[in-house]
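Here the structure comes first, spelled out in C-alpha cells, and everything after it is commentary.
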Amino acid sequence: MSKLKDLIDRIVEFGTNEKIESENKTLEIKRLLVGIYAEYLKVETEFDETDYEEPLRLDYDGIRSIVTEHFPDFGWYHSAWESHKINEDADLVTEDSIDDLTDIIKDLIEVQWRLENNSEKDGLYQFEFLMKHHSEQHLVNLLKYLKDKDE
1011 MSKLKDLIDR
1021 IVEFGTNEKI
1031 ESENKTLEIK
1041 RLLVGIYAEY
1051 LKVETEFDET
1061 DYEEPLRLDY
1071 DGIRSIVTEH
1081 FPDFGWYHSA
1091 WESHKINEDA
1101 DLVTEDSIDD
1111 LTDIIKDLIE
1121 VQWRLENNSE
1131 KDGLYQFEFL
1141 MKHHSEQHLV
1151 NLLKYLKDKD
1161 E
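Remember, our numbering sits 1010 above the position in the sequence shown when you count from 1.
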C-alpha cells in the first residue's frame, strides 16, 4: 500500500506543484505511470459500505495548466478507433496527451483524498474503479504516445 501511495503522491505533484523538481520530467512520469499501472493490475479491493462524504470538485483547468507548464512539448496525436479490430478503413481519433495526464492526475487526487479522509478500503476501491473505467485508457494511450514520440 505504501508503494501505491508514494506513486500517487508523486504523480499528483505534476498537476498541483508548479515548482516540481525533476532531472527529467518525461522519463520520471513514464516510470511513475508504469508503476501505477503495475499496482492497478495487482490490486484487490472490496467495497466499503460506509457512507462517506464525497470529495470536493476539482479544478480541471488549474490542473491542466500546471501539467502544460511541466510538459510543454506534449501535444495532440492520433489513435485508431477500435484498434483491436483489423479494419482497412480504420477511423482515426485525435487525442490530447495533456488531457490524458490531467485526467489521470485528477482521478488520483480523488483517490488520494479518499485514502486520507475516508479509508484505505474506500481509496483502493475507488482507485480500481477509476482506473478500470477511465484512467487506464488515458494511461495506455499516453505511454504509447510517449514511446512513439521518442522514436
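Beta carbons are placed, not taken as given, at the ideal position from N, Cα and C, and that holds for glycine. This structure is a prediction, so every number in the text was calculated from the model and none was measured.
* Where does Thr1104 fall in DSSP's three states? -> strand
* Enumerate in chain order the residues of its own chain whose CB-to-CB distance from Trp1123 is below 6 Å, with the five nearest sequence positions on each side excluded. => Here the set comprises Pro1065.
* Could you name the residues that DSSP lists as bridge partners for Ser1089? => Val1103
* Please list the segments of the alpha helix (DSSP H) lying wholly inside the region 1123–1148, counting only runs of 4 or more residues, in order along the chain. => 1130–1140
* Asked: Does the beta-carbon of Tyr1062 have 16 or more other beta-carbons within 10 angstroms, so that it is buried, or is it exposed?
  -> Classification of Tyr1062: exposed, given that the 10 Å Cβ count is below 16.
* Give the DSSP-derived three-state secondary structure of Thr1060 in the structure shown. => coil
* Asked: What is the rounded straight-line gap between the Cα of Ser1012 and the Cα of Val1022?
  -> 15 Å
* Any idea what DSSP makes of Asn1034, helix, strand or coil? -> coil
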